[in-house]
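*Asks:* I have a structure here, written as structure tokens, and I will follow up with some questions on it.
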Amino acid sequence: MTPLAGVALAAGVAAAVGALGAAAVVAVGRRRPSVAAVLAPLVVVASVAAGVYASARAMFLSEADSVTVLWLLLATVPVALGVGAALAVRTHRLTAERTAALAARRRDREVEERRRELVAWVSHDLRTPLAAVRALAEAMEDEVTSPADAAAGILAENGRMSDMVDDLLALSRLQSGTLELRREPTDVGDLASDTLAAAGTLAGAAGVRLTGEVTEQVVADVDAREVSRALGNLVGNAVRHTPRGGTVCVRVLTGGPGEDAVVVQVTDACGGIPDADLPRVFEAGWRGTAARTPGGGGAGIGLSIVRSVAEAHGGRVDVDNVVLPDGGRGCRFTLTLPR
Numbered sequence: 229m230t231p232l233a234g235v236a237l238a239a240g241v242a243a244a245v246g247a248l249g250a251a252a253v254v255a256v257g258r259r260r261p262s263v264a265a266v267l268a269p270l271v272v273v274a275s276v277a278a279g280v281y282a283s284a285r286a287m288f289l290s291e292a293d294s295v296t297v298l299w300l301l302l303a304t305v306p307v308a309l310g311v312g313a314a315l316a317v318r319t320h321r322l323t324a325e326r327t328a329a330l331a332a333r334r335r336d337r338e339v340e341e342r343r344r345e346l347v348a349w350v351s352h353d354l355r356t357p358l359a360a361v362r363a364l365a366e367a368m369e370d371e372v373t374s375p376a377d378a379a380a381g382i383l384a385e386n387g388r389m390s391d392m393v394d395d396l397l398a399l400s401r402l403q404s405g406t407l408e409l410r411r412e413p414t415d416v417g418d419l420a421s422d423t424l425a426a427a428g429t430l431a432g433a434a435g436v437r438l439t440g441e442v443t444e445q446v447v448a449d450v451d452a453r454e455v456s457r458a459l460g461n462l463v464g465n466a467v468r469h470t471p472r473g474g475t476v477c478v479r480v481l482t483g484g485p486g487e488d489a490v491v492v493q494v495t496d497a498c499g500g501i502p503d504a505d506l507p508r509v510f511e512a513g514w515r516g517t518a519a520r521t522p523g524g525g526g527a528g529i530g531l532s533i534v535r536s537v538a539e540a541h542g543g544r545v546d547v548d549n550v551v552l553p554d555g556g557r558g559c560r561f562t563l564t565l566p567r
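In structure tokens form, the structure reads like this:
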């Protein structure tokens, strides 16, 4: 065989082995980029080794000489593996950084979207009491209503706006990460009883019956003020969305087996929430269905405050649709706090 033919044969063999190896690297890289980075230098070594061996055989070198050449080429495998490992580490790091960057951008977009949504809803809700205050002031100016009645109405609307501002400040403080909880041993059953007593007037005006059940005395190391705020929001939310004649039930019990926690369940008769809306119930300012649209005050962030209080304590809050004893449908909010 002429030298030119030997070179052509070696080049063809090397190209074929390299092409097959490259295809394998591409196929593996789609699923495991790090493994592909390790294989790439080995493919180069294999391609060169195949070409050299083919050239050696074409030049009629002895078998022993051909094997010697191959062993010399195989000696480069550890170096190729080292280079591949370094590439794999770098590839893994870049992939992780890219994934983290994409997640951060997606999270930032979601936060910005929620912020705009919250601002829009709060602005909308603030217009209602402001419009009422203006109407009452104009009515008093036109002597359509008495100053006493107008003053009473203005004070009531002022109270609604104050509640909205208080909710916004509370949510900002809870989500800022700077809140320092004043933990102390607290009977959560007593907090639930106080919450039911405070919500009695609201429930009476709405025609909703409040019931409470404490399975046992449950003492937890919590911030009593913040937990009371969360319970008040849960019960107030349940009362507002339960139709007249319905019942709101509050239960306090210990966590399940192996869970050292206190659990507070608030069950209402709201009619249920669409399954697609359940994951967004605790988003600040989010309004899904008419069943959960706030009414009678508030900025629509009460449930978001509940979630923030739970997370600040290392706990969680969940919501599920339930079938009530009378066959109706409602929601059960479950607040779980470590003891």
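All the letters of the sequence shown, read from the start, carry residue numbers 229 to 567 under our numbering.
Just so it is clear, CB atoms sit at the ideal spot from N, CA and C, and this is done for glycine as well.
Fair warning: this is a prediction, and the values are worked out from it, not measured in the lab.
1. Short of 7 Å in beta carbon distance, which residues of its chain neighbour L354, apart from the five on each side in sequence? Order them along the chain.
2. What are the boundary residues of the alpha helix (DSSP H) that G435 is part of?
3. Using the Cα positions of R544 and H469, report the straight-line distance between them to the nearest angstrom.
4. Please say whether A497 and L459 have beta carbons closer to each other than 8 Å?
5. Let me make sure I understand the geometry here. Which of V492, R437, Q493 and L409 has the alpha-carbon closest to that of R453?
6. By the three-class DSSP mapping on this structure, what secondary structure does P375 have?
7. Quick one: what's F510 bridged to in DSSP?
8. Whole angstroms is fine: what's the gap from G523's alpha carbon to A365's?
9. Could you pull out every residue in the same chain whose Cβ sits closer than 8 Å to the Cβ of A519, ignoring the five residues on either side in sequence?
10. Closer than 7 Å by C-beta to A274: which residues in its own chain qualify, once you throw out the five before and the five after it? Chain order, please.
11. How far does the alpha helix (DSSP H) with E412 in it extend, from its first residue to its last?
12. Whole angstroms are fine: how far does the CA of A328 sit from the CA of D336?
13. Applying the 10 Å Cβ sphere with the 16-neighbour rule, what's the burial state of Q445?
14. Check whether the Cβ atoms of P357 and M368 lie closer than 8 Å to each other.
15. With DSSP run on the structure shown, which of helix, strand or coil describes L552?
16. Please report the residue range of the beta strand (DSSP E) in which R557 lies.
17. Using 10 angstroms around the beta-carbon of G525, count the other beta-carbons present and answer buried if the total reaches 16, otherwise exposed.
18. Do you know how far the Cα of R362 is from the Cα of T475?
*Replies:* In short:
1. M389 and M392
2. Where G435 is concerned, there is no enclosing alpha helix (DSSP H), given that its DSSP letter is neither H nor E.
3. 22 Å
4. no
5. L409
6. Helix.
7. None; F510 has no bridge partner.
8. Residue placement at G523 cannot be trusted, given a pLDDT of 43 that sits under 50; what the coordinates show is reported in the next sentence. Whole-angstrom Cα-Cα distance: 23 Å.
9. At A519 the pLDDT is 40, less than 50, meaning the model places this residue with poor confidence and gives no usable figure here.
10. V245 and G249
11. Looking at the DSSP string, E412 is not in any alpha helix (DSSP H); the run it does join, the beta strand (DSSP E), is E412 to D415.
12. About 12 Å.
13. exposed
14. no
15. coil
16. R557 to P566
17. With a pLDDT of only 44 at G525, under 50, the local geometry of the prediction cannot be trusted, and no value is derived from it.
18. Between T475 and R362, the C-alpha separation is close to 36 Å.
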